[in-house]
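**Q** Chains as they are written, first to last, in the numbering used here: chain A, 1 to 114; chain B, 115 to 229.
Take this structure first; my questions come after.
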Amino acid sequence: NAGVTQTPKFRILKIGQSMTLQCTQDMNHNYMYWYRQDPGMGLKLIYYSVGAGITDKGEVPNGYNVSRSTTEDFPLRLELAAPSQTSVYFCASSYSQDRGHGYTFGSGTRLTVV
Amino acid sequence: AQKVTQAQTEISVVEKEDVTLDCVYETRDTTYYLFWYKQPPSGELVFLIRRNSFDEQNEISGRYSWNFQKSTSSFNFTITASQVVDSAVYFCALGVTSGTYKYIFGTGTRLKVLA
Numbered sequence: 001n002a003g004v005t006q007t008p009k010f011r012i013l014k015i016g017q018s019m020t021l022q023c024t025q026d027m028n029h030n031y032m033y034w035y036r037q038d039p040g041m042g043l044k045l046i047y048y049s050v051g052a053g054i055t056d057k058g059e060v061p062n063g064y065n066v067s068r069s070t071t072e073d074f075p076l077r078l079e080l081a082a083p084s085q086t087s088v089y090f091c092a093s094s095y096s097q098d099r100g101h102g103y104t105f106g107s108g109t110r111l112t113v114v
Numbered sequence: 115a116q117k118v119t120q121a122q123t124e125i126s127v128v129e130k131e132d133v134t135l136d137c138v139y140e141t142r143d144t145t146y147y148l149f150w151y152k153q154p155p156s157g158e159l160v161f162l163i164r165r166n167s168f169d170e171q172n173e174i175s176g177r178y179s180w181n182f183q184k185s186t187s188s189f190n191f192t193i194t195a196s197q198v199v200d201s202a203v204y205f206c207a208l209g210v211t212s213g214t215y216k217y218i219f220g221t222g223t224r225l226k227v228l229a
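Set out below in structure tokens:
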């Protein structure tokens with residue numbers, strides 16, 4: 001039972017480079033989310049998806065893009081990396097929109113932009 | 115405004131001491147959920163508990179207990195007889211909709227349990 005799998009676990013990017021953070025879940029969850037965690041801060045929602053083909057912006061979407069072509073996958077794209085995007089990124093999924101369902105989180109991707 | 119405040123940035127205790135982590139929330143929703151997550155040094159986020167706004171019963175799970183008080187908008191977390199393995203960052207979160215389904219996280223409390 002893999003749950004939510006994120007790759008890579010660590011990455012160093014140069015300013016201006018692009019990359020895709022991969023996220024896949026095997027629980028058939030419709031709802032998926034991308035959060036970033038900055039030091040000493042809570043998690044901030046970047047983008048979320050309520051199902052395949054449907055995505056929407058969260059609190060801090062600038063500099064990122066997402067797609068949801070399948071239920072399982074929810075990749076996060078950074079087009080022009082900036083030092084402000086240095087953070088730990090978490091992908092999460094949940095069974096439904098019921099606010100009572102907790103998230104299942106991936107193990108995170110630590111990204112450094114230099 | 116929707117907000118979660120964890121005023122304690124870092125707490126250090128000696129093993130076997132009891133410790134309480136505070137969480138204060140703000141929301142206009144009448145129906146909402148509160149959560150606690152643990153983030154150990156390895157970095158993953160582990161779900162600990164969920165409580166809905168209509169259930170103010172306290173909950174105990176082993177050495178963990180939670181005190182939910184709507185009157186003070188608080189959802190505090192107590193670890194009894196703390197152990198070194200409890201060392202982690204603990205996040206409180208609020209589940210609301212307000213047009214966008216999301217959770218609002220507090221900034222976390224780092225707990226250090228010293229042997």
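Note that CB positions come from ideal geometry on N, CA and C, so glycine has one too.
Using only the alpha-carbon positions, how far apart do A:Leu76 and A:Thr7 sit?
**A** Taking the straight line joining both Cα atoms gives about 11 angstroms.
**Q** Look at the alpha carbon of A:Cys91 and the alpha carbon of B:Phe182, and state the distance between them as a whole number of angstroms.
**A** Cα to Cα, A:Cys91 sits roughly 28 angstroms from B:Phe182.
**Q** Measure from the alpha carbon of B:Tyr147 to the alpha carbon of each residue in B:Asp136, B:Val118, B:Ser126 and B:Leu135, then state which is nearest.
**A** It is B:Val118 whose Cα lies nearest to the Cα of B:Tyr147.
**Q** Taking CB distances under 8 angstroms as the criterion, tell me whether A:Tyr95 reaches chain B.
**A** So, not an interface residue.
**Q** Determine the direct distance from the alpha carbon of A:Gly42 to that of B:Ala115, and round the result to whole angstroms.
**A** B:Ala115 and A:Gly42: Cα-Cα distance of roughly 16 angstroms.
**Q** Can you say whether A:Ser69 is buried or exposed, counting buried as having 16 or more other CB atoms within 10 angstroms of its CB?
**A** Under this definition A:Ser69 is an exposed residue.
**Q** Beta carbons nearer than 7 angstroms to chain A: which residues of the region 154-172 of chain B have them?
**A** Within the region 154-172 of chain B, the qualifying residues are Gly157, Glu158, Leu159, Phe161, Arg164 and Asn166.
**Q** Taking only three categories from DSSP, how would you classify A:Val88?
**A** It is a strand residue.
**Q** Please report the Cβ distance between B:Thr134 and B:Asn190, rounded to the nearest whole angstrom; I am assuming they are in contact, meaning their Cβ atoms lie under 8 angstroms.
**A** At roughly 6 angstroms, the Cβ-Cβ gap stays under 8 angstroms, so B:Thr134 and B:Asn190 are in contact.
**Q** Mind checking whether B:Ile163 and B:Thr223 have CB atoms under 8 angstroms apart?
**A** No, they are not a contact pair.
**Q** If we cut at 8 angstroms on Cβ distances, does B:Thr221 have a partner in chain A?
**A** Yes, its Cβ sits closer than 8 angstroms to a Cβ of chain A.
**Q** Going by the DSSP bridge assignment, what does B:Phe189 pair with across the sheet?
**A** Looking at the DSSP assignment, B:Phe189 forms a beta bridge with B:Phe182.
**Q** CB-CB under 7 angstroms to B:Ser187, same chain, minus the five flanking residues each way: which ones, in chain order?
**A** Counting only Cβ-Cβ distances below 7 angstroms, and skipping sequence neighbours, we find Val138, Tyr139 and Glu140.
**Q** Residues of chain A with CB under 7 angstroms from B:Phe149, in chain order?
**A** In chain order: Gly102.
**Q** Give, in chain order, every unbroken run of the alpha helix (DSSP H) that is at least 4 residues long and sits entirely within the region 7-65 of chain A.
**A** Segments of the alpha helix (DSSP H) lying fully in the region 7-65 of chain A: there are none.
**Q** Three-state secondary structure (DSSP) at B:Val138?
**A** Residue state, collapsed to three classes: strand.
**Q** Do we get a CB-CB distance below 8 angstroms when we pair A:Leu111 with the residues of chain B?
**A** No, A:Leu111 does not count as interfacial toward chain B.
**Q** Report the option in A:Glu59, A:Gly58 and A:Ser67 whose CA atom is closest to the CA atom of A:Thr24.
**A** Closest by alpha carbon: A:Ser67.
**Q** Beta carbon of A:Gly108, beta carbon of A:Val88: below 8 angstroms?
**A** Their beta carbons are under 8 angstroms apart, which means A:Gly108 touches A:Val88 by this criterion.
**Q** Whole angstroms is fine: what's the gap from B:Tyr178's alpha carbon to B:Ala195's?
**A** Each residue's alpha carbon lies about 9 angstroms from the other.
**Q** Can you tell me whether B:Val160 is helix, strand or coil according to DSSP?
**A** Three-state result, B:Val160: strand.
**Q** Start and end of the beta strand (DSSP E) containing B:Gly147?
**A** Residue identity differs from the one stated: residue 147 of chain B is Tyr in this sequence, not Gly. B:Tyr147 -> beta strand (DSSP E) spans Tyr147 to Gln153.
**Q** For a contact meaning CB atoms closer than 8 angstroms, what does B:Phe205 contact in chain A?
**A** What B:Phe205 touches in chain A: Gly42 and Leu43.
**Q** Can you look up B:Asp143 in the DSSP assignment and give me helix, strand or coil?
**A** Residue state, collapsed to three classes: coil.
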